[in-house]
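Peer 1:
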DNA sequence: TCACAATGTCACTATTTGGTGACATTGTGA
DNA sequence: TCACAATGTCACCAAATAGTGACATTGTGA
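Chains as they are written, first to last, in the numbering used here: chain A, 1 to 211; chain W, 1 to 211.
#1: I'd like to know whether the C-beta atoms of residue 159 of chain W and residue 159 of chain A end up nearer to each other than 7 Å.
#2: Residue 25 of chain W touches chain A at which residues, Cβ-Cβ below 8 Å?
#3: Under a CB-based cut-off of 7 Å, is residue 108 of chain W close to chain A?
#4: What separation, rounded to the nearest whole angstrom, lies between the Cα atoms of residue 199 of chain A and residue 36 of chain W?
#5: Nearest-angstrom Cα distance between residue 89 of chain A and residue 96 of chain A?
#6: Name the DSSP beta bridge partners of residue 177 of chain A, please?
#7: Excluding the 5 residues preceding and the 5 following residue 77 of chain W in the sequence, name in chain order all residues of the same chain whose CB lies nearer than 8 Å to its CB.
#8: By DSSP's criteria, residue 144 of chain A is part of a beta bridge. Which residues make up the other side?
#9: Counting contacts by CB-CB distance shorter than 7 Å, is residue 102 of chain W in contact with chain A?
#10: Can you check whether the C-beta of residue 174 of chain A is within less than 7 Å of a C-beta belonging to chain W?
#11: Beta carbons nearer than 8 Å to chain W: which residues of the region 154 to 188 of chain A have them?
#12: Do residue 12 of chain W and residue 29 of chain W have their beta-carbon atoms positioned less than 7 Å apart in this structure?
#13: Tell me which residues of the region 29 to 50 of chain W have at least one Cβ-Cβ distance to chain A shorter than 9 Å, keeping chain order.
#14: Are there three or more Cβ pairs, one per stretch, closer than 8 Å when the region 119 to 134 of chain W is compared with the region 49 to 57 of chain W?
#15: Would you please verify whether the beta carbon of residue 65 of chain W is less than 7 Å from any beta carbon of chain A?
#16: Give every residue of the same chain whose Cβ lies closer than 6 Å to the Cβ of residue 20 of chain W, excluding the five residues on either side of it in the sequence, and list them in chain order.
#17: Within the 7 Å Cβ cut-off, does residue 213 of chain W reach chain A?
#18: For residue 201 of chain A, return the contacting residues in chain W, with the cut-off set at a CB-CB distance below 7 Å.
#19: When burial is assigned at 16 or more other CB atoms within 10 Å of the CB, is residue 45 of chain A buried or exposed?
#20: How would you label residue 2 of chain W, buried or exposed, when you count the other beta carbons within 10 angstroms and need 16 or more for buried?
#21: Per the contact definition of three or more C-beta pairs closer than 8 Å, is the region 159 to 169 of chain W in contact with the region 153 to 167 of chain A?
#22: Which of helix, strand or coil does DSSP assign to residue 2 of chain W?
#23: Should residue 111 of chain W be labelled buried (16 or more other beta-carbon atoms within 10 Å of its own) or exposed?
#24: Find the nearest neighbour of residue 10 of chain A within the set A:47, A:148 and A:193, judged by alpha-carbon distance.
#25: Using the beta-carbon count (16 or more within 10 Å), is residue 174 of chain A buried or exposed?
#26: Chain A beta carbons: is any one of them nearer than 7 Å to that of residue 190 of chain W?
#27: Measure the C-alpha to C-alpha separation of residue 133 of chain A and residue 94 of chain A and round it to an integer number of angstroms.
#28: Following the continuous alpha helix (DSSP H) through residue 65 of chain W, name the residue where it begins and the one where it ends.
#29: Please return the same chain residues whose Cβ sits closer than 7 Å to the Cβ of residue 163 of chain W, not counting the five positions on each side in sequence.
#30: For a contact defined as C-beta to C-beta under 8 Å, what are the partners of residue 148 of chain W on chain A?
#31: Under 7 Å Cβ-Cβ, which residues of chain A neighbour residue 151 of chain W?
#32: Which residues in the same chain have their Cβ closer than 7 Å to the Cβ of residue 166 of chain W, if we skip the five residues on either side of it in sequence?
#33: Rounded C-beta distance between residue 38 of chain W and residue 7 of chain W? I'm assuming under 8 Å.
#34: Under 7 Å between the Cβ atoms of residue 121 of chain A and residue 24 of chain A?
#35: Once the 5 residues before and after residue 60 of chain A are set aside, which same chain residues still bring their CB inside 8 Å of it?
#36: Just the chain W side, please: which residues come within less than 8 Å of residue 133 of chain A by C-beta, in chain order?
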């Protein structure tokens, strides 16, 4: 029973569960300690405070999806994909991985609400673990034939993120079922089409310019 | 000084300002009454409670953008536009109108966080005032040539919404400046390109099928 | 004039929150 | 064996919250 390491883990686990279930608004010293069945003073003693506890939590291995998880393969396999396939795979993978991480979603919600030391801390932790936008879509970061690639990328990633976050509080969006696999297949289909015609356009254009 | 109607307005104004400035987390009976310089018991007496006060607030004329505001013209002018131009205009208009309504943004954030009687109420009020997704993009709601129009629409609208909400707590997204006009011009450019190649694709396809 | 309802003020409760100091219990190394 | 640090429990504090009952003031219609 007297095991500080175990108590630390209990607190982190409780924080994560509480975050996933009730959202960041319900996260607090009192609620976490209550959920963990532990006195709240131990949060201060072992972590220093709420901020440090959550920082530890965000370092948990399965908290942020890695590039490999999103792509669903090793980095060698990733490198061997052509860019069109890779874009599609990573974007779909991001949907898949984010959808099964309610606590992670909650951090994204939090970042949308307020900016403070805590959210900065958690944002930093995310970037450290490879969940950077640069990795998400391998379109590159420059203009191709006058097309603003980062802007298009931003719009697609944002769209994905919003729909995932929205699924917590809405059943449908524009008629698309956000709680069924078929609904998400429709989103994936839209992404595929966009990627497809997008590359067609770029290649077509550069072809005609080469002639 | 003794004017219940004026007091009601003061409370609604205070709620709106507080929402815009501090976000929905700071909205409460005490804070609103304090800001309005009025006793909190009057909120109960005049509105019944916080919920009813906010419902009234959401009925304010300038709270939700109308279709005409987004399109930037009368409904006759809207009807006379071709679909490509109309899509582009409305989407850009939505960005413009939503960007200058911080209190409205806050409701969207709220809807993203939790679902309760309050958010349902506010959501309903929004739909009543014409801010329905069906109006936002006149693409129609069916499949064209096997392309899932509602899904593509959902992705674009979601992307716009997320980027606007994100601008509260982030300076940039994927390198795009969310606080400068030039940054939003880039987003608009991305939308235009997507609309453009999207319609090209659809028309091209139906052309080739007609042959 | 004056009764009375409308309007507004104040004081209080109960609950929750973050935070701290004092104490009890346990294990372990000297 | 025993001292002592590590671990854990408990009781408190100040502040903020939602909500309510009692009271004071004002205007107005009979």
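Backbone N, C-alpha and C define an ideal beta-carbon position, used for all residues, glycine too.
Peer 2: On the basis of the supplied data:
#1: Taking the first residue of the second chain as position 1, residue 159 of chain W is located at position 159. Taking the first residue of the first chain as position 1, residue 159 of chain A is located at position 159. When the beta-carbon positions are compared, residue 159 of chain W and residue 159 of chain A come within less than 7 Å of each other.
#2: The residue you call residue 25 of chain W lines up with position 25 of the second chain. Within 8 Å Cβ-Cβ: 25, 113 and 114.
#3: For the purposes of this step, residue 108 of chain W is taken as the residue at position 108 of the second chain. Taking Cβ atoms only, chain A never reaches closer than 7 Å to residue 108 of chain W, which makes this a no.
#4: For this step, residue 199 of chain A is matched to residue 199 along the first chain. For this step, residue 36 of chain W is matched to residue 36 along the second chain. If I take the Cα positions, the gap works out to 55 Å.
#5: Walking along the first chain from the start, residue 89 of chain A turns up at place 89. Walking along the first chain from the start, residue 96 of chain A turns up at place 96. Per the coordinates, the alpha-carbon of residue 89 of chain A lies some 10 Å from the alpha-carbon of residue 96 of chain A.
#6: The sequence position of residue 177 of chain A within the first chain is 177, counting from 1. In the DSSP assignment, the residues bridged to residue 177 of chain A are A:172.
#7: Against the second chain, residue 77 of chain W aligns to sequence position 77. Excluding its 5 nearest sequence neighbours in each direction, residue 77 of chain W has C-beta neighbours in its own chain below 8 Å: 71, listed in chain order.
#8: For the purposes of this step, residue 144 of chain A is taken as the residue at position 144 of the first chain. Note: residue 144 of chain A sits in a beta bridge opposite A:147.
#9: By 1-based counting over the second chain, the position of residue 102 of chain W is 102. Not closer than 7 Å to any Cβ of chain A, the Cβ of residue 102 of chain W fails to qualify, so no.
#10: As a working note, residue 174 of chain A is residue 174 in the first chain. Judged by the 7 Å Cβ criterion, residue 174 of chain A is in contact with chain W.
#11: So the list reads 154, 155, 156, 157, 158, 159, 160, 161, 162, 163, 165, 166, 168, 169, 170, 173, 174, 175, 176, 186 and 187, given in the order they occur along the chain.
#12: Taking the first residue of the second chain as 1, we reach residue 29 of chain W at position 29. Taking the first residue of the second chain as 1, we reach residue 12 of chain W at position 12. In this structure, residue 12 of chain W does not lie closer than 7 Å to residue 29 of chain W by Cβ.
#13: Answer set for the region 29 to 50 of chain W: empty.
#14: Counting Cβ pairs under 8 Å, three or more are found: they touch.
#15: Taking the second chain and counting its residues from 1, one reaches residue 65 of chain W at position 65. No - not a single Cβ of chain A is within 7 Å of the one on residue 65 of chain W.
#16: Mapped onto the second chain, residue 20 of chain W falls at position 20. Cβ within range, chain order: 102 and 103.
#17: No answer is possible for residue 213 of chain W: the residues shown for chain W start at 1 and end at 211.
#18: On the first chain, position 201 is the one that residue 201 of chain A refers to. At a beta-carbon threshold of 7 Å, the residues of chain W lying near residue 201 of chain A are 197, ordered along the chain.
#19: Stepping through the first chain from its first residue, residue 45 of chain A is reached at position 45. The residue is exposed, with fewer than 16 neighbouring Cβ atoms inside 10 Å.
#20: Numbered from 1 along the second chain, position 2 holds the residue referred to as residue 2 of chain W. It is exposed - the Cβ of residue 2 of chain W has fewer than 16 other Cβ atoms within 10 Å.
#21: The region 159 to 169 of chain W and the region 153 to 167 of chain A touch, with three or more beta-carbon pairs separated by less than 8 Å.
#22: In the second chain, the residue the question calls residue 2 of chain W occupies position 2. Residue state, collapsed to three classes: coil.
#23: Within the second chain, the letter at position 111 stands for residue 111 of chain W. With at least 16 other beta carbons inside 10 angstroms of its own, residue 111 of chain W counts as buried.
#24: Here residue 10 of chain A refers to the residue found at position 10 of the first chain. Out of A:47, A:148 and A:193, A:47 has the C-alpha closest to the C-alpha of residue 10 of chain A.
#25: Here the question's residue 174 of chain A lines up with position 174 in the first chain. That one is buried.
#26: Stepping through the second chain from its first residue, residue 190 of chain W is reached at position 190. Yes, because at least one Cβ of chain A sits closer than 7 Å to the Cβ of residue 190 of chain W.
#27: One-based indexing of the first chain puts residue 133 of chain A at position 133. One-based indexing of the first chain puts residue 94 of chain A at position 94. Within the model, the alpha-carbon separation for residue 133 of chain A versus residue 94 of chain A is close to 11 Å.
#28: Taking the second chain and counting its residues from 1, one reaches residue 65 of chain W at position 65. Residue 65 of chain W: not part of any alpha helix (DSSP H); DSSP gives it neither H nor E.
#29: Here residue 163 of chain W refers to the residue found at position 163 of the second chain. The beta carbon of residue 163 of chain W sits closer than 7 Å to the beta carbons of 173, 178 and 187 from its chain, once the five residues preceding and following it are set aside; these are given in chain order.
#30: Residue numbering aside, residue 148 of chain W sits at position 148 when the second chain is read from its first letter. Neighbours of residue 148 of chain W on chain A, chain order: 186, 189, 190 and 193.
#31: Residue mapping note: residue 151 of chain W aligns to position 151 of the second chain, counting from 1. Result: 176, 186, 187, 189 and 190.
#32: Translated into the one-based positions of the second chain, residue 166 of chain W becomes position 166. Within the same chain, and ignoring the five residues on either side of residue 166 of chain W in sequence, the residues whose Cβ sits closer than 7 Å to its Cβ are 173 and 178.
#33: Within the second chain, the letter at position 38 stands for residue 38 of chain W. Within the second chain, the letter at position 7 stands for residue 7 of chain W. The Cβ separation is near 6 Å, so the contact holds.
#34: Mapped onto the first chain, residue 121 of chain A falls at position 121. Mapped onto the first chain, residue 24 of chain A falls at position 24. Result no, Cβ atoms of residue 121 of chain A and residue 24 of chain A do not sit closer than 7 Å.
#35: In the first chain, the residue the question calls residue 60 of chain A occupies position 60. For residue 60 of chain A, same chain residues with a beta-carbon under 8 Å away, outside a window of 5 residues either side, are 12 and 16 in chain order.
#36: Residue 133 of chain A sits at position 133 when you count from the first residue of the first chain. Within 8 Å Cβ-Cβ: 173 and 174.
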